[in-house]
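As structure tokens, the structure follows; a few thoughts come after it.
Protein chains: 2
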Amino acid sequence: MVDIIGTLQREMDGLSRSEQRIANIVFDDRQFAVNASIIELAGRAEVSPPTVTRFCRRLGCQSFSEFKVRLAQSAFIGQRYDEPQSNASNAEEVVQTILTRAQSVLHNLNDQLDIPSIEQAADAIANAKMVYAFGSGGNSSLFAGEVQNRLFRLGLRAMATNDHSMQLMTASTVQEGDVVVGLSISGRNRELSRALEVASGYGAKIVTITKPQSLVAEATDVNIPIDLQEGKDVLRPSSARFAFLAAIDVVAHLVAIKRKDLAIEPLRRIKSQLVTFRDEDDSQPLGD
Amino acid sequence: MVDIIGTLQREMDGLSRSEQRIANIVFDDRQFAVNASIIELAGRAEVSPPTVTRFCRRLGCQSFSEFKVRLAQSAFIGQRYDEPQSNASNAEEVVQTILTRAQSVLHNLNDQLDIPSIEQAADAIANAKMVYAFGSGGNSSLFAGEVQNRLFRLGLRAMATNDHSMQLMTASTVQEGDVVVGLSISGRNRELSRALEVASGYGAKIVTITKPQSLVAEATDVNIPIDLQEGKDVLRPSSARFAFLAAIDVVAHLVAIKRKDLAIEPLRRIKSQLVTFRDEDDSQPLGD
DNA sequence: AAATTTATGTAAATTTTTTTCTTGATGATT
DNA sequence: AATCATCAAGAAAAAAATTTACATAAATTT
């Protein structure tokens, strides 16, 4: 299943002028594009229907209707992927901006995520004796916490630290078979990189999620690269968080699959504790 | 956004025999149904094309192609919602699944977010003397941390706690003008609800992000309702997190706008500390 | 059992989409 | 600068898909 919007963005340069006009309409108003007939779409793009057909073919679709189906399947609602410099001032606009940006980050991530490194990371973690998650500075400490939160449920021993000194000390105690997960948005966390090197020296496997070619990425056995520019608006919360959380989700989910039989029992136990302790509804997610 | 598969399941009884044959094919082989022409679909169901058209109309679609589009839209999500474990076994599919789900959660959130309550929450927080963020249990404690992480940057005094006893004790110390932010996915956190009531009794304003009509939502001055069902797959990470983080983002961003002049200086200070302490690149998000 | 409603197919009409063919533009080569 | 090749894009025709209108069969009600 290929992501048609991603394909379109990639192919954008190779399109002729008329085809780019069509593409822009598709980007701007997916709602319309999905529901329009070839004639309506052609009309709005001020091109002829055959041009639309050719446009679809160029994107690897066999027909216009196949294109529409694929477009409909790419469930992304983000209206515009280019950063609209936000001068959002009322709540409604802020909601739109934040949600669109979050979706757009996830969308970019889709093209960017490096499958082989994710597989390797999940493999290493699934077989780890102990997993340490290191991250500091608000965002990355949150990620580290999230790694722990995800993994302990799967019956793995996991511990998160956001304290540089603790990271360094912990790194000195690792054993063969342990995995250290290093998290950094910028990749410029010198203390983290030092801790990872120490842990590596003592035989731990180092998995990171960070900016490629960065300091932290260097100190790594497996890096899952994430490279997203943040906008300039200092007031705007950083949306890289969504990307990191999604990446952690993906790895955790893969670990869960790999550990399936090992993971079910701890999950069942956690759940039964929560349910008997709190209330009878068991359709809730694990852990509030 | 209407879920055509859900509609179909509900309407099943009201369908004629021929129409049920069509419905079964749609259920059994969505892949086929989404890509087939009306003639192919009619052929496979052994009915005539007009019967298919009538079938689409009965489901509230204006035409066959509208039906296909709606099916395609729900098919993608549906496949993954229905049988996530069987489907997602390799890394690529897991990536698709997680990202699609996250996006679809954000999409739902867009329809669901209650603007007035967000405005009120942001107002209360922007003018708070002190903000406490309470949440427990992995996910919500992460949210509480996030609230703190967002707000202290804006020059607000903020403190997050995930410890029930601490929440209760803290609640006893609040003063007029303080805001307590309560976070819970399920809304069934009895200890949290008690702590909120205590804090309310001592004059704090209570803001929550939680499921509407829930225990926690009751104990509230302003609730931002979030109500998302989680899938059944216990192995699958809960994607409600994306919704909560987005909601927190929105509120924090609004607070930032409301406090603009007050917020710029703390942000500048944090940034200059980080930059001089760490390195020269100042295009990075605040706090790794 | 007759009358009425409902379901469904056939055939025609309409709409949509694709193919074919032509024109005009652009650019490289002599 | 003239010629040729290539490509983009539309017009018109052809094909395909879809819908409408109508007719008949089946089911249900009276």
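Protein sequence lines correspond, in order, to chains D and L. Using the working numbering, read the first sequence as starting at -10 and increasing by one per residue. Using the working numbering, read the second sequence as starting at -10 and increasing by one per residue. All C-beta atoms, glycine included, are put in the ideal place defined by N, C-alpha and C. All values reported here derive from a predicted model rather than from experimental measurement.
For residue i and chain D, any beta-carbon pair shorter than 7 angstroms?
{"i": "L/Ile107", "result": "yes"}
{"i": "L/Asn138", "result": "yes"}
{"i": "L/Asp238", "result": "yes"}
{"i": "L/Ile213", "result": "no"}
{"i": "L/Gln92", "result": "yes"}
{"i": "L/Glu72", "result": "Any reading at L/Glu72 needs caution, since the residue's pLDDT is 39, under 50, leaving its predicted position unreliable; the model's value is listed next. Not closer than 7 angstroms to any Cβ of chain D, the Cβ of L/Glu72 fails to qualify, so no."}
{"i": "L/Asp250", "result": "no"}
{"i": "L/Leu243", "result": "yes"}
{"i": "L/Asp277", "result": "yes"}
{"i": "L/Phe62", "result": "The amino acid occupying residue 62 of chain L in the given sequence is Gln; Phe does not appear at that position. Yes, because at least one Cβ of chain D sits closer than 7 angstroms to the Cβ of L/Gln62."}
{"i": "L/Val41", "result": "no"}
{"i": "L/Val205", "result": "no"}
{"i": "L/Thr(-4)", "result": "no"}
{"i": "L/Asn76", "result": "Low confidence applies here, because L/Asn76 scores a pLDDT of 47, under 50, leaving its location unreliable; read the following figure in that light. No, L/Asn76 does not count as interfacial toward chain D."}
Chain L partners of residue i, CB-CB under 7 angstroms?
{"i": "D/His153", "result": "Correct list: empty, because the minimum Cβ distance to chain L is about 11 angstroms."}
Which residues bound the beta strand (DSSP E) around residue i?
{"i": "D/Lys194", "result": "Lys194 to Thr199"}
{"i": "L/Ala147", "result": "Ala147 to Thr150"}
{"i": "L/Gly171", "result": "Val168 to Leu172"}
{"i": "L/Ile213", "result": "Val211 to Pro214"}
With a threshold of 7 angstroms between beta carbons, is residue i in contact with chain L?
{"i": "D/Ser52", "result": "no"}
{"i": "D/Ile174", "result": "yes"}
{"i": "D/Val168", "result": "no"}
{"i": "D/Gln68", "result": "With a pLDDT of 37 at D/Gln68, under the threshold of 50, the modelled position of this residue cannot be trusted; read the value that follows with caution. D/Gln68 does not count as touching chain L."}
{"i": "D/Asn99", "result": "yes"}
{"i": "D/Asn178", "result": "yes"}
{"i": "D/Ile87", "result": "yes"}
{"i": "D/Leu95", "result": "yes"}
{"i": "D/Phe36", "result": "Just to set this straight, residue 36 of chain D is Val in the shown sequence, not Phe. Chain L, which has no Cβ nearer than 7 angstroms to the Cβ of D/Val36, makes this no."}
List, in chain order, every chain D residue whose beta-carbon is nearer than 7 angstroms to that of residue i.
{"i": "L/Glu81", "result": "Ile104"}
{"i": "L/Arg230", "result": "Leu234"}
Given that a residue counts as buried once 16 or more other Cβ atoms are within 10 Å of its Cβ, and exposed if not, what is residue i?
{"i": "D/Asn79", "result": "exposed"}
{"i": "L/Ile28", "result": "exposed"}
{"i": "D/Gly134", "result": "buried"}
{"i": "L/Gln137", "result": "buried"}
{"i": "L/Leu165", "result": "First, the residue type needs correcting, since residue 165 of chain L is Glu and not Leu in the sequence shown. Exposed."}
{"i": "D/Leu251", "result": "exposed"}
{"i": "L/Ser175", "result": "buried"}
{"i": "D/Arg142", "result": "buried"}
{"i": "D/Glu35", "result": "exposed"}
{"i": "D/Gly3", "result": "exposed"}
{"i": "D/Asn128", "result": "buried"}
{"i": "L/Phe21", "result": "exposed"}
{"i": "L/Glu8", "result": "buried"}
{"i": "D/Asn151", "result": "buried"}
{"i": "D/Gln51", "result": "exposed"}
Determine the chain L residues that contact residue i at a beta-carbon separation under 8 angstroms, and present them in chain order.
{"i": "D/Glu55", "result": "Asn24"}
{"i": "D/Val163", "result": "Neighbours of D/Val163 on chain L: none; closest Cβ ~22 angstroms, over 8 angstroms."}
{"i": "D/Ile(-7)", "result": "The premise fails here: D/Ile(-7) is roughly 11 angstroms from chain L at the closest Cβ pair, so nothing lies under 8 angstroms."}
Mind checking which residues open and close the alpha helix (DSSP H) that includes residue i?
{"i": "D/Asn138", "result": "Asn128 to Phe141"}
{"i": "L/Val84", "result": "Ala80 to Gln101"}
{"i": "L/Ala160", "result": "His153 to Ser161"}
{"i": "L/Gly366", "result": "Outside the modelled stretch of chain L, which goes from -10 to 277, sits residue 366 of chain L, for which no answer is possible."}
{"i": "D/Leu48", "result": "Where D/Leu48 is concerned, there is no enclosing alpha helix (DSSP H), given that its DSSP letter is neither H nor E."}
{"i": "D/Ser54", "result": "Phe53 to Gln62"}
{"i": "L/Ala283", "result": "In the structure displayed, chain L extends from -10 to 277; residue 283 of chain L sits before or after that span and is not available."}
{"i": "L/Leu4", "result": "No alpha helix (DSSP H) contains L/Leu4, which DSSP labels as neither H nor E."}
{"i": "L/Arg177", "result": "Segment: none, L/Arg177 is in no alpha helix (DSSP H) and carries neither H nor E."}
{"i": "L/Gln109", "result": "Ile104 to Ala115"}
{"i": "L/Leu30", "result": "Ile27 to Ala34"}
{"i": "D/Gln20", "result": "Arg19 to Asn24"}
Can you pull the chain D residues whose beta carbon is under 8 angstroms from the beta carbon of residue i, in chain order?
{"i": "L/Val84", "result": "Asn99, Leu102, Ile104, Ile107 and Val239"}
| query | Going along the region 120 to 138 of chain L in order, which residues come within less than 7 angstroms of chain D, judged by CB to CB distance? | reply | Ser125, Gly126, Gly127, Asn128, Ser129, Leu131, Gly134, Glu135 and Asn138
| field | Contacting positions in the region -1 to 23 of chain L - beta carbon closer than 7 angstroms to chain D | value | Val23
| query | Which residues, in order along the region 177 to 196 of chain D, keep a beta-carbon less than 9 angstroms from a beta-carbon of chain L? | reply | Arg177, Asn178, Arg179 and Leu181
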